[in-house]
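Written below as structure tokens is the structure these notes are about.
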Amino acid sequence: MRVLLAVIHKEFLQVFRDRPMLAILFLVPFVQLFVFAYAVTNEVKHISLMVVDFDRSQESRKLIDHFVKTEQFDLKIVSDNVFRIRDEMKAWHVQAALVIPPDFSEKLVRKQRPQVGFIIDGVDGNAGIMALAYARGVLERFHAELLPTPQYASLLRQTHQAIVEDRMWFNPDLSSQQYMVPGIVVTILTIIPLMLTAMGIVKEKEIGTMEQLMVTPIRKWELILAKILPFLILAYVELSLVMAAGVLYFQIPMQGSYLLLALLSFIYLFAMLGMGIFVSTVTQTQQQAMFVAWFSMVVMLLLSGFFIPIANMPDVLQKITYLNPMRYFMSIIRDIFQKGSSLQHLWGDVLPMSTFCLLIFGFSIAKFQKRIQ
Amino acid sequence: MNKIVVETRDLVKQFGHFTAVDRVSLQIWQGEIFGFLGANGAGKTTFIRMLCGILQPTSGEAHVLGYDVGQESEQIKRHIGYVSQRFSLYPDLTVAENFDFFGGVYRMPRPLLEERKEMLLERFGLRPFAGMLTGKLPLGFKQRAALACALLHDPPLLFLDEPTSGVDPKARRHFWEEINRLAAEGKTLFVTTHYLEEAEYCNRIAIIDRGRIVAEGPPGALKQEFGSPTIQDVFVSIVSGGEEP
Amino acid sequence: MRFVRTKIQQMKGAVNPGRIRALAKKEFFHIIYDPRTLVVLFLLPLVQLIMLGYAMNLEIQHVDLAVVDYSNSRLSRKLTRAFAASPFFRPFVFEGGPEEIEDLFLRRKAQAALIIPHDFDRQMLRNPFGKVQIIVDAADPNAAGIIRSYCQRVIASFQPEAGAKRPWLVDLAGSIYFNPDLKSSYFFVPGIMALILMMISSLLTSVAIAREKEMGTMEQLLVSPVRAPEIIIGKVLPYIGFGLMDAGIILLVGMVLFGVPFQGSFLLLVLLTLLYVLVGLSLGIFISTLARTQQVAMMMANVATVLPVILLSGLIFPIASMPQLLQYLTYLIPAKYYLLIVRGILLKGSGLMHLWVPALFLGILALWFMGNAIRRFKMTVED
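Chains as they are written, first to last, in our numbering: chain S, 2 to 374; chain R, -11 to 233; chain A, 288 to 670.
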């Protein structure tokens, strides 16, 4: 106990003496939080649109109006030259183009189903698909406006329509922040323990104090505990700060139990701290430790369902995600925040996560030796 | 009455294809100042690390204070002090804080720690620097602080790896005076150095070249054996004398 | 003109190519002997590439749909079949009521629910509009939006009589330019090139310079006849080499494995890539003057260079969707312009006439950051 206290005391002294590091440690998560929360979004808005209207009739203007009215499209260029479209896209001036043929209004009035062209810049595939879906949506609204009018109402009389009333649960505003901020919590709980533990241990290796420490009768568990305890505490402090910012400023709903969150974070943190220790055993310099930790984090992040839903990944990758503790923690966190899920709902994730966390931690401890090389 | 504190038999350390320590057999007696001489890269640090129990030997045997370095390294660590070649106190902690830390790690009871801390600060002239970050100490004082720290728990055996590198001759002389004082107190000191003239200060020396012991014995005897006036000459004649690697 | 010439003379006199070569060689070996960093530098982007290339597809499929059918009539069953016929949905009949739907969502047994009222048959045949309700698990808002629109489509085209068609006036003919299969790899290969170039040219160099300072060897270099600009150029040269090689490998893998095209001018790409690397280097040098230790340099570089590239450059997340303030911030991010350039050249065959605006911005950033970096470095060296 005496030894443990001495080592923890030393670690804290060192952490608090490193002013620039401390500033970064407390600033960076906030910067990340704000930037992530605002920048990270799968929504596609303000698609720059070019319109080539050969018809120039009242009807075509009405159609264009429907496109312009929405937040989804921003009308940027109106032209009468179809060949300009490619060039404007090459120069990244527009992402989509609407082409209205000269006989649009004529055919429309005669109920002959005119065709309008919608061209999308396929480079950003996701935005392209969304743009097309939005365009279809705009067309629906165009129909919703036109069909009931006396001119076309006869069509309606012959058919029956089902309409749908929809309810969005847990996130009625479809706010992407609500979805992303919990994910940011996960990244913070990953990067801090992983990178800092790894770099901290390797730094001692690099400057030679680790060797001095190994020569003393300090026991392995005392050394490890002393190295991970400060970062465990730090992670919790940052967690609280980030959550406070999330709940108070971003008004992210926190439906679930704080206690459950703290408990499950504890399990996850141990895995990350363990990984930090593991990284420190396979690297010799701080730079290496940093890169290896960074690499691991990126791989875990890509396979966690943060950016890309796991269901959309190819089968092979989906299977690999089962080995990733972040995958489980990500969905646990999201469910606790947004749905208020309790332990009974989360068992399917908690069990594998805890197993992996224990395995990782145990393995890393076993690998760490009070010896050189 | 003199017992053997360190004994190695055909100790070998290989790193891949490179043999750093090649079948070294030595005995070190209590109260000796044993000098381990050799060029940089000859294997001195590797040898010390094995004796301290922080590097596993590839083959051979070694016992320190009766304990086996392979199996009982943790026991060894309780009774030795180690000053490494590189300065390895915490540069971002003060001298006093380093003492407190290592004292805690060696499980010294508070009053004993305080007593020894005071004594050592005094003895090594570190009093005015007690509150200074060790990283900011002048080089000579860094070495002193490291040595003082190694003596905190009063170990009977001390390993000193190149303790005088980069230190001016006057400070070096002070240092060796201190070593002698420690030996007089009954401590055994294993010192490596590449300053060959320091061999004169040791009771016995061994010269290591490319992992092998090429000479061993009291400095006087070696000088006689090789007919050389100084240990430097002994070294030169052995090492450049077409020795097989 | 004469001013420019004397400046060039000054610069030539200031640097000795022989010394630079020696320094560059030393740095080169430093890097080579650090296999772990190298491995990560080459492996990481490849892994990212493979994952993003194969995985980044946002098509929703096989959505578990709980059908609560109070009507249990011919028409309601026909509606259910319409959902089953769609590849997007996997409907299953759910015996419970709306209250139990939340539990379904919590236990992730369903992502959406369709509730058909008991008088659905009567409503559909009598009124022109029959009403149904859908409930979507909107915890993932993007998926929810897509699910909602798919539901609406199925429902909108549902007709009670066989063969009847919903009334429709205007058809939409969609076409795709530049990436007809909408392959995500086309989008991400340039992004990863931009990321890795920035990582190497700024993150790695700032850490390397900081390490030299931390170890004290910087001091030794400075007291030797080596001059400050030589130190920097010598140190930085191998990283440029590695960066370009790494980016080249990414591009090659992209082209061979994913079929990423190369529509535009190779020369233009190389020139503008060098410009981008220059910006990255300036940032790295600048950061190294601010940090005393490697750890701090690393964290600073991450925040100032790597993170913005990932989040704010348009690599993954569209800039147009961000709030105005952040959009203004993106004007300072070199990767934003570089991405427009690379994606333009590779995928669209854009030429300088299309890309002169981002190229100009990149040039301005290069001058600005370089000037500041040199000024700061001189300052820290001179004290």
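The beta-carbon is built from N, C-alpha and C at its ideal position, and this holds for glycine as well.
Residue i to residue j span [Cα, whole Å]
{"i": "residue 343 of chain S", "j": "residue 52 of chain S", "result": "51 Å"}
{"i": "residue 453 of chain A", "j": "residue 163 of chain S", "result": "10 Å"}
{"i": "residue 392 of chain A", "j": "residue 43 of chain S", "result": "22 Å"}
{"i": "residue 113 of chain S", "j": "residue 595 of chain A", "result": "51 Å"}
{"i": "residue 339 of chain A", "j": "residue -6 of chain R", "result": "60 Å"}
{"i": "residue 525 of chain A", "j": "residue 519 of chain A", "result": "11 Å"}
{"i": "residue 222 of chain R", "j": "residue 178 of chain R", "result": "21 Å"}
{"i": "residue 166 of chain S", "j": "residue 424 of chain A", "result": "15 Å"}
{"i": "residue 95 of chain S", "j": "residue 77 of chain S", "result": "7 Å"}
{"i": "residue 138 of chain S", "j": "residue 67 of chain S", "result": "10 Å"}
{"i": "residue 368 of chain A", "j": "residue 446 of chain A", "result": "12 Å"}
{"i": "residue 311 of chain S", "j": "residue 152 of chain S", "result": "48 Å"}
{"i": "residue 317 of chain S", "j": "residue 64 of chain S", "result": "45 Å"}
{"i": "residue 216 of chain R", "j": "residue 187 of chain R", "result": "14 Å"}
{"i": "residue 315 of chain S", "j": "residue 354 of chain S", "result": "22 Å"}
{"i": "residue 108 of chain R", "j": "residue 146 of chain R", "result": "16 Å"}
{"i": "residue 434 of chain A", "j": "residue 579 of chain A", "result": "52 Å"}
{"i": "residue 571 of chain A", "j": "residue 314 of chain A", "result": "16 Å"}
{"i": "residue 23 of chain R", "j": "residue 165 of chain R", "result": "15 Å"}
{"i": "residue 584 of chain A", "j": "residue 23 of chain S", "result": "13 Å"}
{"i": "residue 407 of chain A", "j": "residue 48 of chain S", "result": "39 Å"}
{"i": "residue 211 of chain R", "j": "residue 21 of chain R", "result": "18 Å"}
{"i": "residue 180 of chain R", "j": "residue 220 of chain R", "result": "15 Å"}
{"i": "residue 206 of chain S", "j": "residue 44 of chain R", "result": "17 Å"}
{"i": "residue 46 of chain S", "j": "residue 317 of chain A", "result": "47 Å"}
Within chain A, the residues that residue i reaches when beta carbons sit closer than 9 Å
{"i": "residue 73 of chain S", "result": "Neighbours of residue 73 of chain S on chain A: none; closest Cβ ~10 Å, over 9 Å."}
Supposed contact pair residue j and residue i - C-beta distance, whole angstroms, cut 8 Å
{"i": "residue 122 of chain S", "j": "residue 465 of chain A", "result": "6 Å"}
{"i": "residue 327 of chain S", "j": "residue 182 of chain S", "result": "Not really, about 16 Å apart at Cβ, beyond 8 Å."}
{"i": "residue 462 of chain S", "j": "residue 337 of chain A", "result": "Nothing about residue 462 of chain S can be read from this structure; chain S reaches only from 2 to 374."}
{"i": "residue 134 of chain R", "j": "residue 47 of chain R", "result": "So it is not a contact: roughly 32 Å between Cβ atoms."}
Contacts of residue i in chain S (Cβ-Cβ under 7 Å)
{"i": "residue 655 of chain A", "result": "Within chain S, no residue comes near residue 655 of chain A; the closest Cβ sits about 22 Å away, beyond 7 Å."}
{"i": "residue 631 of chain A", "result": "91 and 93"}
{"i": "residue 445 of chain A", "result": "163"}
{"i": "residue 432 of chain A", "result": "175"}
{"i": "residue 466 of chain A", "result": "123, 124 and 126"}
Beta-carbon proximity list for residue i, same chain, < 6 Å, skipping 5 on both sides
{"i": "residue 31 of chain R", "result": "8, 9, 196 and 199"}
{"i": "residue 255 of chain S", "result": "248 and 338"}
{"i": "residue 64 of chain R", "result": "41, 52 and 55"}
{"i": "residue 277 of chain S", "result": "194, 195, 198 and 199"}
{"i": "residue 303 of chain A", "result": "none"}
{"i": "residue 163 of chain R", "result": "152"}
Listed by chain order, chain R residues near residue i by CB distance under 9 Å
{"i": "residue 9 of chain S", "result": "Correct list: empty, because the minimum Cβ distance to chain R is about 10 Å."}
Proximal residues of chain S, C-beta to C-beta of residue i below 9 Å
{"i": "residue 504 of chain A", "result": "Residues of chain S passing the Cβ test: none, with the nearest at roughly 14 Å."}
{"i": "residue 80 of chain R", "result": "14, 15, 18 and 19"}
Beta-carbon proximity list for residue i, same chain, < 7 Å, skipping 5 on both sides
{"i": "residue 624 of chain A", "result": "645, 648 and 649"}
{"i": "residue 206 of chain R", "result": "191 and 192"}
{"i": "residue 89 of chain S", "result": "51, 78 and 95"}
Neighbour list for residue i in chain A, Cβ cutoff strictly below 7 Å
{"i": "residue 346 of chain S", "result": "393 and 394"}
{"i": "residue 339 of chain S", "result": "426"}
Same chain, Cβ closer than 8 Å to residue i, five either side skipped, listed in chain order
{"i": "residue 443 of chain A", "result": "453"}
{"i": "residue 659 of chain A", "result": "569 and 573"}
{"i": "residue 463 of chain A", "result": "469"}
{"i": "residue 170 of chain R", "result": "139, 146 and 177"}
Closer than 8 Å at the beta carbon, the chain A residues around residue i
{"i": "residue 114 of chain S", "result": "455, 456, 457 and 458"}
{"i": "residue 342 of chain S", "result": "393"}
{"i": "residue 136 of chain S", "result": "459 and 461"}
Partners in chain S for residue i, counting only beta-carbon separations shorter than 8 Å
{"i": "residue 417 of chain A", "result": "161, 162, 163 and 164"}
Neighbour list for residue i in chain B, Cβ cutoff strictly below 8 Å
{"i": "residue 55 of chain R", "result": "You won't find chain B in this structure, because its protein chains are S, R and A."}
According to a CB-to-CB cut-off of less than 7 Å, which residues of the segment 37 to 52 of chain R neighbour chain S?
37, 40, 42, 43 and 44
What are the residues of the segment 274 to 288 of chain S that lie near chain A, defined by any Cβ-Cβ distance shorter than 8 Å?
283, 284, 285, 286, 287 and 288
What are the residues of the segment 15 to 44 of chain S that lie near chain R, defined by any Cβ-Cβ distance shorter than 9 Å?
15, 18 and 19
For the segment 369 to 393 of chain A, enumerate the residues whose C-beta is nearer than 9 Å to any C-beta of chain S, in chain order.
388, 389, 390, 392 and 393
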